[in-house]
Structures are given as C-alpha cells and as structure tokens.
Amino acid sequence: METKKLMTWIVGLCVFMLFLNACNDDLEDTTFFTTDEMTIIGTLESNPEKFSLYLEILEKTEYYNALKSYGNYTCFAPTNEAILKYIQENFNANSIDELSSEQDIEFLKVLVKFHTMPSGRLTSSFIEGRLPDTTYTGDYLTTSFLRGGGISNVEINREVGLEQYDIRTNNGVIHAINGVMSPFVDPVPAAMEKAGKHNIFVEAMKQTGYYEIFSVIFADNGSKNNFTILAESDEVYAKEGINSFEDLVARISPSDSDFTNPDNDLNRYVGYHATKNFLYTADFPEDAFINTVLPRNAIKSFKTDKELRLNETETGVDDTWTSIITSESNYPSKNGVYHTVDKLFTIFVPKPKHIIFDVISDQPEYQSRLIRSHQKVPSTAWEFIRWFPEKDVRYLRQSKNSNIDHTVLDIAGVAWFEFDTPVIPKGKYEMLVMGNGGNGARAIFQIYFDGEPIGSVYNMTLRAGDIGWPDETLMDSRGWRLGYEEYVDNKGVSQAEKSGNSRFIVSRELLIPEQKRHVVRFETLKSGNSPIDFIEWIPVD
Amino acid sequence: MVPMLLAVLSSCDDYLQLEPQDNLIQQEFWQNKEQVASAVAGCYASMNQSGFTDRILKWGELRAEMLVSLRAGGNEQNMMRNFIIPTNGLVNWADFYETINYCNLVLEFADAAKEKDLSFTNQELANYKAEVLTIRALVYFILVKNFKEVPLVLTATSNSQVDFYPAKSTEDEVIAQIISDLKIAVQDLNLGYSQSAAYDKGRMTKGAALAILADVYLWNGQYNECIVATQDIIDSGRYSLVEGSDWFNEIFFEGNSVEGIFELQFSDLNRTYQSSFYVGSPIYAPFPEIRQVYAGYPDDVRTNFATFDLEQNTVFKFAGVDETGVYRGQQEFFNTFIFYRYAEVLLMQAEAYLLSTENKNLDRAANLIEMVHQRSTGAPLEVPIDEVSLLNALLLERQKEFAFEAKRWYDLLRFARRNNFQDQYLITDLADIKSSADDYELILSFYSDKESYFLPIFQNEVDLNPNLEQNPYYEN
Chain A
1 METKKLMTWI VGLCVFMLFL NACNDDLEDT TFFTTDEMTI IGTLESNPEK
51 FSLYLEILEK TEYYNALKSY GNYTCFAPTN EAILKYIQEN FNANSIDELS
101 SEQDIEFLKV LVKFHTMPSG RLTSSFIEGR LPDTTYTGDY LTTSFLRGGG
151 ISNVEINREV GLEQYDIRTN NGVIHAINGV MSPFVDPVPA AMEKAGKHNI
201 FVEAMKQTGY YEIFSVIFAD NGSKNNFTIL AESDEVYAKE GINSFEDLVA
251 RISPSDSDFT NPDNDLNRYV GYHATKNFLY TADFPEDAFI NTVLPRNAIK
301 SFKTDKELRL NETETGVDDT WTSIITSESN YPSKNGVYHT VDKLFTIFVP
351 KPKHIIFDVI SDQPEYQSRL IRSHQKVPST AWEFIRWFPE KDVRYLRQSK
401 NSNIDHTVLD IAGVAWFEFD TPVIPKGKYE MLVMGNGGNG ARAIFQIYFD
451 GEPIGSVYNM TLRAGDIGWP DETLMDSRGW RLGYEEYVDN KGVSQAEKSG
501 NSRFIVSREL LIPEQKRHVV RFETLKSGNS PIDFIEWIPV D
Chain B
1 MVPMLLAVLS SCDDYLQLEP QDNLIQQEFW QNKEQVASAV AGCYASMNQS
51 GFTDRILKWG ELRAEMLVSL RAGGNEQNMM RNFIIPTNGL VNWADFYETI
101 NYCNLVLEFA DAAKEKDLSF TNQELANYKA EVLTIRALVY FILVKNFKEV
151 PLVLTATSNS QVDFYPAKST EDEVIAQIIS DLKIAVQDLN LGYSQSAAYD
201 KGRMTKGAAL AILADVYLWN GQYNECIVAT QDIIDSGRYS LVEGSDWFNE
251 IFFEGNSVEG IFELQFSDLN RTYQSSFYVG SPIYAPFPEI RQVYAGYPDD
301 VRTNFATFDL EQNTVFKFAG VDETGVYRGQ QEFFNTFIFY RYAEVLLMQA
351 EAYLLSTENK NLDRAANLIE MVHQRSTGAP LEVPIDEVSL LNALLLERQK
401 EFAFEAKRWY DLLRFARRNN FQDQYLITDL ADIKSSADDY ELILSFYSDK
451 ESYFLPIFQN EVDLNPNLEQ NPYYEN
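Top to bottom, those sequences are chains A and B. Going by the UniProt record's numbering, the first sequence wraps up at 541, each residue one higher than the last. Going by the UniProt record's numbering, the second sequence wraps up at 476, each residue one higher than the last.
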C-alpha cells in the first residue's frame, strides 16, 4: 500500500516535472534591438521596387554590412531606374551581374563611397553651395536651389534630383535620387573642357601652362588642392567682341606670344582668374581680398544682400564691378570648383583698405577643412604658416572665446612663427595684432615685417591695469586699442568687453611699398602659450 | 449544478452597469439650457488656448515679412523661410479640430436639451446654435486659408458610428459649407447681448458672422456679395472707427473698442502675445524696413510707440502701454486677440468695389480707403484713381493698419493668387527681404512653388488616417 502511494507520488512528480520541462523559451533565436526603426539596409530592402539594384551594388562592393552597422550616415540611393540607365550608358550592361571585372568592381566601390557621407544630413541643412562634410571619397557634394520649387526640386552636384528625401533610419538618412552622381575624377580644367562652355579660357589655360598647374590634385605636402577658378564663358567673351583664342590674345597680350613666361600678360591674366581658397558662391568673403594664384595680386570681394561684387572700382561715381553668373557657377570637380564671371575679368589694382587677417580662418587649409581644430599638425601642413623648431601645433576653435570665427593659433615653445599675409595693396597703414593675452603665462614677442623688426615688444602677459583698459585714451598712449564689439563669444560678450582681447598697435605708420603677400614673424622673447587671433592693417592718409 | 449556474448568472446585475460613477456621460449632460450655455462657452474657451492663438499668429505672420526672429525655435524659423515639412509641429491642426468638435457636439445635442427643458426658448436655442456655427465657420475658414483642402467634419465624434477617417474636401466644398452656415447664423444671431462690451465683442454676433462672411467672399472672389455683407455691418450702426489720437490706446491697449467686432477674450493672460512680444524677452521683432512702410506721412499715429518702438526694436502694438514708451509687465498681457474690427470692414468693402465687375466703383473704394488712412495720418491719400494704384494703396494701407495682427500673409496670398497667380511676385519678392548674402537662391526657391503657399498636413495625421492625402507640394 505504502509503495503504491509512493509510486503515485513519484509518477505524479514526474508528470509535473514534464510540464515544467515543457516551458519553452519563446524568445529563443530572437535578437533584440534598441530601436524598432530599420537600418539603412533594412529600409532599402523593404523597398525592392525602388532600391534592389543599389542593394546589389552594395552587396557586390561589400559595403552592405557597413550600412547595416551602427552610425549616422547619409546615403544617396539612386533608384533602380536611374542605375539601369547609368549602367546602360556607361557599361553597356543591363544588370549589375554583368559588371564583374576587377576594374568594374573598383569603380562601383568609388561610386558607393561617393554616394555616402559619414554624417546624417537632412534636407533642412541643404544650402546653395557645398555641404559641410565630405563623402567617403573625400569630395564635397553640392546642392543647388536654382531650379526653384523648394526641396523637391533641389539638384545635387548640378546633376541629379531628389526622388524622395529625408527617409530616416536608425543609422542615418536616405535620400533617393533620380540619377547616379558621377564621382569626381576630373580636375577643374578638364571638367571645364568637358562641359564645353569655356573653350577660349580653356585654351588660354593650356597655352599658358596653367592647365597643368590647376590639374594637380595633391600638393607637394600631400594635402589636397582646391582651386577656385573664375572664368569667362565663350558667351561672355562674345559680348566683349572676343570670339576666339586669337581675339583674346589680341586683347590681352597683342605683342608678346611667350605665354608660358610668368611676366607675359596673358599668363598673368590666367593666373589672376584662380585662387587656392575654396570658394563656392556662398563662401566668398563679405568684404575682403582673395589672394589669386597670380602672386602679389588679389580679387576684392564685396557682398550686398543679393549680389557679389568683385573688384568694385570705389571711385564714388559710376562704379563698376564684376559679378558671378550664379546659374553658370558652383560646378564641382575633383580639386575645386569653377564659376562664370559676367564680364572680362582683368587684373585689378585695389586701393588700400582695412584688412583683417584671421591667421586661421583665412587659410585655405581651414576653409577646405583639411586641418580640423585641436588636430596637431607639423608646419608643413600649412602653406602660409611656418614655425621653428619643427613640432606639431594645433589651432583651437572655442565658442567661449570672442575670437573671429572663434579660432586662434595655439602655439608655444617655438623660437619663432610667421605668416604670409594676404596681398596688401601698397600704401601707408597702421598695423595691429590681437591674441588672447592678459595672463602671466603668455609670451612676449618682437614682431618682424618682411624681416625688419618693427614696433615695441608685443607683451601678452600685460593685464588690464598695465595697458590702461578700458580707458581708450590711456590705452592708446600705451599702444593698445579695445577689441572689436562685433565679435562675441557664445554668451554674447564681445572682445571690447574683455581686457585680454585688446589689440596691440605694432606700428602707427607702416609703409607698404609693394602690393604683394608680406611676411609677419613673431620672435619669442619670453616663451609661453600664445593664442593669436588676427593681424590687421588700417589705411592712414 | 444547473441551479448553481443560474445563481451565478442572475447575480450579474450590478456588474453589467457600465456607466462611469464619477463622470457625466453624454446623454446625461444635455439636460437643460444652462448646460448648453456652458457647452457653448466651452467652444470659446477651446480657442483661447495658446496652441490655438499661437498658430493663428504664426500662420498669419511668419511666412510674410513683417516679423523677424530674435530667438524663435527651429520650426518657426523654417516657417519664416517657407521651408515647412510635414513633421513641423506648427502645422498640427489638432487644436482647430478640437474646437470644431465642440461645436459639432452642441449642434448635435442642443435640440435634445431643449426638449427636456421647458424654459429653453426656440430663439435661445437658435442663437446658441448660430454662435457655434459661426465659430465653426471661422475655424474652417482659417484652415482653408492655410491648407486649402481639409476634411469637412460636421458631426460630433460622440459615438462609434462616426467616420474616423475622413478624406479631404475641396476648397470649394469647404467654402460652400462655411457660407451656408454663416448665412443661417446671420439670421439667428443677435446684434449684441446688452451686457458688457467684452461680452459683445467676445461672443459671436450678427456683426461678427457678417465680417467673417465678407472675408470669405473676398477670399472666394464673390465681390458683390462682399459689398452687401460689409454694407449690412455698416448699416447696423453698431461700430465706428475710433479717433486717430486714441488708435493705440483704445483698440490695442484697452481692447474691446467701438471698432472691435470679434475679439477673443482671455480669462487669464494672452499667452501668445506675452511669449512673443514681452519686452523683457521678445521672440520676434519688427522687420528692419518697417519704418519705410509708413514713410511719406510723418503724422501717422500708427508708427513709433504705437505699432513698433524704433529704439528698442519691438512690437509695441501688443507689448506697449502708452506713447511715453512704457511697456506691459510680464503679467499684464490682458490683451484681447482681435479677429475683426471695423477698419477691416471698410477696407474689405473697398477691395470688393475695386474688383467687382458689376459694381465696380473706384471713387467709393477710394473714399473707404481714405477713411482709414486719414483717421491715422490726418492727411489725404495721394493716389491716382485707377484700379491698379488703388489696389496697391489698399494693400499698403492694410499692411500699416493691421501690422502684426496675423493678416499679412493672407493679404499677400489673396492678392497674389488672383487671375491664376498673376501677381505671384508679391510673394516671391519676399525672398529679397528675407535673404541675406548667402541664401537668396535658397529662399527664392522655397517661395517659388504656388503649392507651397499652403501648409502640409501634419505627418501624424497622415499616418493615422489612410484616407488623408498629403498636399501636393509635400508629397515625398
């Protein structure tokens, strides 16, 4: 009897345990994500009627997993229709499968990299000009609103339009585009030549040797060139009565046909049409000089609300200037951009004018973002800044400071550093310098202009009391001026309200005998950390 | 077993009582006149929420040029360059449909209340219904001016029989409904309520319904009807222009002036004006060229320390106290929100006289514009008597008179879209004013498409309602 009871218990227990065992893990083999949103790949896959071909390309080029991974990308995804058209035209192929040679796959890789940016950009950040970050091929994409009609009519690279935009995913943004963007392969001159609207100017570049110079993609120091070329189109030349290269020669350099000679007028004319500053129309300075490739010369840029005026005569009566034809400008290429000017663009001799030279934000390497803030680089990274002895130096961009563009060169522990100035028209100037001083740990410098010491020492350790701040008369007698009111920090406090941001008067009467780039050197007398913001020249009668 | 089951079944009685214990339900609420009255008051109260009045101000001003941002949010700044995407919360119309639903509830249940309450007269019932019809018409008119096509919901969502997924109606359909509602309302509404001025201006009256109706006619190009409607207001004799010298004080500082026709009243502060214009931390300032708008008439009472304050660069109209330059404190924004006033009736009639084919009368139009112009400037308007000159003068007079009163964008749009957008330049020229050196092409592009002059439907609404089609410009 007892055993029977026990047996019942045991059997009962077994049955019970069976039940326990039957508990399945319903969630086995499921992966959990922190968000329900799909990735870029997931979104593309859920719209095969639109994106199956681009997905095939992604798989073939092995970028498939990259766009599935964590991040914040911008993916410009051409539609199936667009890709089909592109491969038919360029490869005579009707499916991605047909593109299988090593060369083809390499090209597709470039294509994908060119269509992908490392940060998510919604259409709300599109502007007339280049987007602030580069694609994985290191190129800037441009967006243009010239066709009107708002976002849905935007052109990218003046080449393709948006089919659908701002598709958000958990690792970035997709913009479906109705064409495939051609990756930039051509440098500016070749791009101009292919577009075929600037034939006379292209010929002039060839004859003067500038075609090769402007075609160099990487400078000697390894950094990428970005040329901005301002050219007359054949149409603009025609209005000036110039219908061939010969007509242009007859106008510019009638008696000298040694076009490769740097002193030849046509050579100088072509050199004057380009700058190493990277300028889409939106980037032209509001009121400043742009140094040209032609040495010792500059283009004067002035912006009104609607118009860019280049080389305005400033006589006060019947002033003339040159503008850029926006609808025929902002054409991107591998190493820069080109624009069309609206009249014959000849070398201009500017009058002295107030020049503020921001030692960082006026540098081409800053404008093309080759060198980022806080990134320590050797002096060879900069074309127009040098220091000795060699060491890695950085610049800072800090919104808590009232510096122009919030940038300063952050340099210490060198015997000297020097800048090539912008082109300064000849004349008599006051010269001032501003850095973040007023602190005992700062440096003391002797300043040299073109190799000659000028002025008394620039002592950045002086405090408010020492320089007479904020009494302007007292300050002036001690060689100082208040900083500028229009440059403020993130709290709205201006340079003028900070004693450390006072401007030091290097010279009250500096004679500049020649229009060119000059050299300003800071020789260290007492070393210390020395954030330098800008140097300025104010014309005096 | 069976008896036990039965016992259980029969004990369910109380348990099946589903009506909530702590709240009134619809059928129990609508018992008498007082409850209808409070429901009507609820319709008004639903409008003096900042979600409602903020949008009235922003929809009417931001896309036009009169205001610039001092510290506006991203949505507002995007609207100021006519870059509006469907996820921009500013285009959410939920507050407007909420008011419409309150109106629909009254229209649906007031009859039942009358049957239960013997003291509730036919006339009272008709008046209440006319008030809510007018409110609903006003709200639909605002929606149609902004979205062009909206779902026309005329039944309350009080039971599950209602269509929760209404599609859009056309502009014509919505306007036809507005007009027919207002015609009924005009018949049934009182001229006034023999109570306070605030009550007369704050409730819908015959004058208010006529003013909305005239505005709708103008929008819809029915100029002869507009002349009749505005004339009815003029003939009622209840409204007049305040003296020029009292322009700022009576109309804007004190509010509910003899000129006011419908002004939304606030039991608390007018949060919209307070947050937008309080002098201590204004969000918006007048655009830099504001002084030029008033140029040519040095004695215009509508300028400094009236419409704006040149020195402090503020919108004085709603934030100021008097011509000495004193401002309202942050807790002193007791402004009404003016929807219609008599000056606008005169200018609406002028516009109708200029544009009507059968009743075109340039002299009468000129006289009407003069009345508003001379009241403030004390000087005659020097304008040649021809249609184009007078239309230009009228648009300018409206700009000066109703600056910041959420009228400007609709004025520009109404003028621009006549004759198939013959005067589209009125809007594309905004790019000149709104752009800086770097973004002219961008802003011009945002203003270039005619479809973009109407707002997108809020993305959430499109997601929830499969029958709701996004407006054409915003399909993506």
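Even glycine gets a Cβ: it sits at the ideal position worked out from N, Cα and C. Please read all numbers here as calculations on a predicted model, not as lab measurements.
Annotation for Ala416 of chain B: Asp423, Gln424, Leu426 and Ile427 place their beta carbon closer than 7 Å to its own, counting only its chain and skipping 5 residues before and after. With a threshold of 7 Å between beta carbons, Leu442 of chain B makes contact with chain A. Using a Cβ-Cβ distance cut-off of 8 Å, the stretch 148–163 of chain A and the stretch 298–314 of chain A are not in contact, since fewer than three pairs of beta carbons, one from each stretch, lie closer than that value. Counting along the chain, Ile127 of chain A sits inside no beta strand (DSSP E), nor does DSSP assign it H or E at all. The stretch 435–447 of chain A makes contact with the stretch 457–474 of chain A; the number of CB pairs closer than 8 Å reaches 3 or more. Taken in chain order, the members of the stretch 310–332 of chain A whose beta-carbon sits within less than 7 Å of a beta-carbon on chain B are Thr326.
For Asp438 of chain B, the neighbours in chain A by C-beta distance under 7 Å run, in chain order, Ala282. Neighbours of Ser452 of chain B in chain A, taken as residues whose beta carbon is under 9 Å from its own, are Gly149 and Gly150 in chain order. A check of alpha carbon separations from Tyr342 of chain B across B:Leu412, B:Leu390 and B:Arg398 identifies B:Arg398 as the nearest.
Straight across, the Cα-Cα distance linking Asp358 of chain A with Asp533 of chain A is about 6 Å.
For Ser180 of chain B, the enclosing alpha helix (DSSP H) has its first and last residue at Glu171 to Asp188.
Residue pairing by DSSP places Tyr327 of chain B opposite B:Gly320 in a beta bridge. Distance between Ala64 of chain B and Asp235 of chain B, taken at the CA atoms: about 34 Å. For the 7 Å CB-CB criterion, Val188 of chain A and Tyr338 of chain A form a contact. In this structure the stretch 335–355 of chain B does not lie against the stretch 297–315 of chain B, because fewer than three pairs of beta carbons, one per stretch, are closer than 8 Å. The beta carbon of His373 of chain B lies closer than 7 Å to those of Leu381 and Glu397 in the same chain, with the five residues before and after it left out.
Contact annotation: the stretch 137–145 of chain B touches the stretch 171–183 of chain B, with at least three C-beta pairs closer than 8 Å. For Ser69 of chain B, the secondary structure class from DSSP, reduced to helix, strand or coil, is strand. Beta-bridge analysis with DSSP links Pro78 of chain A to A:Ile177. Each residue's CA atom was taken as its position, placing Gly336 of chain A and Gly89 of chain B some 40 Å apart. When rounded, the separation of the alpha-carbon atoms in Glu259 of chain B and Tyr239 of chain B is 6 Å.
Against Ser281 of chain B, chain A offers no close residue; the least beta-carbon distance is about 14 Å (beta-carbon pairs closer than 7 Å). DSSP places Thr377 of chain B within a helical segment (H, G or I) once states are collapsed to three.
The residue from B:Lys33, B:Phe29, B:Gly60 and B:Ser38 with its alpha-carbon nearest to that of Leu413 of chain B is B:Gly60.
Residue burial annotation: Asn267 of chain A is buried, with at least 16 other C-beta atoms found within 10 angstroms of its C-beta. Among the CB atoms of chain B, none fall inside 7 Å of the CB of Tyr487 of chain A. When rounded, the separation of the alpha-carbon atoms in Phe164 of chain B and Asn465 of chain B is 8 Å. In the DSSP assignment, His339 of chain A forms a beta bridge with A:Leu230. Under the Cβ criterion of 7 Å, Lys303 of chain A is counted among the residues facing chain B. Contiguous beta strand (DSSP E) elements confined to the stretch 229–264 of chain B occur at 260–264, taking only those with 3 or more residues. Lys491 of chain A is outside the set of residues whose beta carbon lies under 7 Å from a beta carbon in chain B. Shown here for Gln398 of chain A: same chain residues with a beta carbon closer than 7 Å to its own, the five before and five after excluded, namely His406 in chain order. For Glu155 of chain A, no Cβ of chain B is located within less than 7 Å of the residue's own Cβ. A Cβ-Cβ contact shorter than 7 Å links Ile467 of chain A with Ser502 of chain A. Contact annotation for Phe145 of chain A against chain B: Glu441, Leu442 and Ser445 [CB-CB distance below 7 Å, chain order].
Nearest in C-alpha terms to Phe348 of chain A, of all of A:Asp541, A:Asn311, A:Ala274 and A:Ile360, is A:Asn311.
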